[in-house]
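Taking this note's numbering, I'd label the letters of the sequence shown as residues 497 to 772. Even for Gly, the Cβ is constructed at its ideal location relative to N, Cα and C. Remarks on the structure that follows.
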Amino acid sequence: MTLAVSYDILGGYAGLMNLGHSAFFGLGAYAFGIALTRGWPPPAAVVASVAVPLAFAALISYPIFRLRGACFALATFGLIPLLELLALNLGGLTGGSQGFTIPLANRIEVVYYAALVLAAWTVWVSYRIAHSPLGLALMTIREDEDVARSFGVAPYRHKLRALLIGAAPAGLVGAVYAMNLTYLTAEVVLGTEIALVPVTMAVLGGSGTVAGPIVGAVIVTAVQELLWTRTWYLRLVVYGLLLVLGRLFVPGGLVRLPALRRLLARLGLGERIYAR
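Structure follows, in structure tokens:
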């Protein structure tokens with residue numbers, strides 16, 4: 497859920513489908529794991545899991561934000577195989593295709609509470625952005641970047657802020673995920689499947705809303721639990737079907753269905769943003 501909500505800060509509010517958002521997740525996992533294997537204390541490793549994705553986000557921001565629409569989506573998606581290839585070839589640092597052991601692996605209690613706190617914090621950040629001048633600027637850029645610029649909105653600066661804000665929790669959840677692994681490999685944290693997960697959750701639930709990625713995360717997780725044991729080899733197909741069916745039958749996402757909107761309002765989760 498954290499990955500979906502953090503994706504939607506740029507992907508939903510600014511309308512930029514960042515298919516490479518999971519790169520921050522993978523970098524956070526690798527930074528955390530490598531730091532631990534080098535003898536860093538856990539708090540310093542956590543800092544590294546945020547610092548590395550933030551540095552990478554700042555590095556790629558200028559070239560990718562010169563692109564729009566499908567070109568932006570394809571360019572960001574290309575970051576995933578690029579990083580996976582680097583991880584496989586930097587064997588001295590990453591362990592190559594074999595990966596490496598995480599010293600703090602299988603700390604179930606720590607992982608559970610860390611994931612819960614991180615998810616709550618990320619949702620709070622998303623809510624604050626949705627009701628802030630930054631959120632308004634991002635939504636203006638989403639509707640028409642040229643018009644936004646004519647009104648004095650600086651598109652690059654605001655998109656960079658959204659990218660950095662989304663990269664931080666993605667890196668942290670990568671660190672939390674790494675703690676739950678025995679071995680960390682490129683296939684696990686930098687694969688195509690993990691790249692599609694946050695996008696599917698956000699689009700299915702309702703991209704550009706606070707509650708949408710949460711609803712999408714619940715549904716996608718339920719589908720995983722129901723189908724994965726027997727149809728694990730169809731995971732990418734299932735993600736694709738969920739995206740296509742969601743776009744066809746609920747283009748605004750499930751959270752924008754009238755019945756669900758009324759339910760969310762009763763729960764105090766009413767949305768400020770409904771239409772793109």
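Please report the residue range of the alpha helix (DSSP H) in which residue i lies.
| i | result |
| --- | --- |
| Asp-640 | Counting along the chain, Asp-640 falls outside any alpha helix (DSSP H), and DSSP gives it neither H nor E. |
| Met-675 | 651 to 675 |
| Ser-557 | 538 to 560 |
| Pro-577 | 575 to 585 |
| Gly-592 | Unbroken run through Gly-592: none, as it is neither H nor E. |
| Phe-647 | Here Phe-647 belongs to no alpha helix (DSSP H), and DSSP marks it neither H nor E. |
| Arg-624 | 604 to 626 |
| Pro-694 | 688 to 701 |
| Arg-743 | 731 to 745 |
| Leu-563 | Segment: none, Leu-563 is in no alpha helix (DSSP H) and carries neither H nor E. |
| Thr-533 | 518 to 533 |
| Val-706 | From DSSP, Val-706 is part of no alpha helix (DSSP H); its letter is neither H nor E. |
| Gly-511 | Careful: Gly-511 lies outside any alpha helix (DSSP H) and carries neither H nor E. |
Decide if residue i is buried, meaning its Cβ has at least 16 other Cβ atoms within 10 Å, or exposed.
| i | result |
| --- | --- |
| Ser-545 | buried |
| Asp-504 | buried |
| Thr-696 | buried |
| Glu-641 | buried |
| Arg-762 | exposed |
| Arg-768 | Residue confidence is low: Arg-768 scores 49 on pLDDT, short of 50, so the model does not pin down where it sits. No coordinate-derived value is stated. |
| Glu-689 | exposed |
| Arg-624 | exposed |
| Arg-562 | exposed |
| Ala-771 | Bear in mind that a pLDDT of 40 at Ala-771, under 50, signals an unreliable position, so the number given afterwards is only what the model happens to contain. When all chains shown are included, Ala-771 counts as exposed. |
| Phe-647 | exposed |
| Ala-566 | exposed |
| Tyr-558 | exposed |
| Ser-622 | buried |
| Ala-527 | buried |
| Glu-580 | buried |
| Gly-587 | exposed |
| Arg-757 | buried |
| Ser-502 | buried |
| Gly-516 | buried |
Are the beta-carbon atoms of residue i and residue j separated by less than 8 Å?
| i | j | result |
| --- | --- | --- |
| Gly-701 | Val-711 | yes |
| Pro-549 | Ala-666 | yes |
| Ala-615 | Thr-498 | yes |
| Ile-560 | Phe-568 | yes |
| Leu-582 | Gly-592 | no |
| Gly-529 | Ile-598 | yes |
| Ala-674 | Leu-680 | yes |
| Ile-576 | Ser-518 | yes |
| Val-607 | Val-672 | yes |
| Val-699 | Leu-739 | yes |
| Val-746 | Gly-708 | no |
| Ala-663 | Phe-573 | no |
| Leu-660 | Ala-554 | yes |
| Thr-705 | Gly-749 | yes |
| Ile-723 | Val-734 | First, the residue type needs correcting, since residue 723 is Leu and not Ile in the sequence shown. In this structure, Val-734 lies closer than 8 Å to Leu-723 by Cβ. |
| Asn-509 | Ala-644 | The sequence shown places Tyr at residue 509, not Asn. No, they are not a contact pair. |
Can you tell me the Cβ-Cβ gap for residue i and residue j, rounded? I've got them flagged as a contact below 8 Å.
| i | j | result |
| --- | --- | --- |
| Asn-514 | Leu-523 | Not a contact, Cβ separation roughly 14 Å. |
| Ala-500 | Pro-694 | 4 Å |
| Arg-638 | Gly-511 | 3 Å |
| Leu-630 | His-654 | 6 Å |
| Ala-682 | Thr-590 | 7 Å |
| Val-649 | Ala-633 | 5 Å |
| Ala-547 | Ala-531 | Not really, about 10 Å apart at Cβ, beyond 8 Å. |
Determine which residues share a DSSP beta bridge with residue i and list them.
| i | result |
| --- | --- |
| Tyr-679 | Thr-597 |
Kindly say whether residue i, judged by its beta-carbon, lies nearer than 8 Å to any beta-carbon of chain D.
| i | result |
| --- | --- |
| Tyr-503 | In the structure shown, chain D does not exist; there is a single protein chain. |
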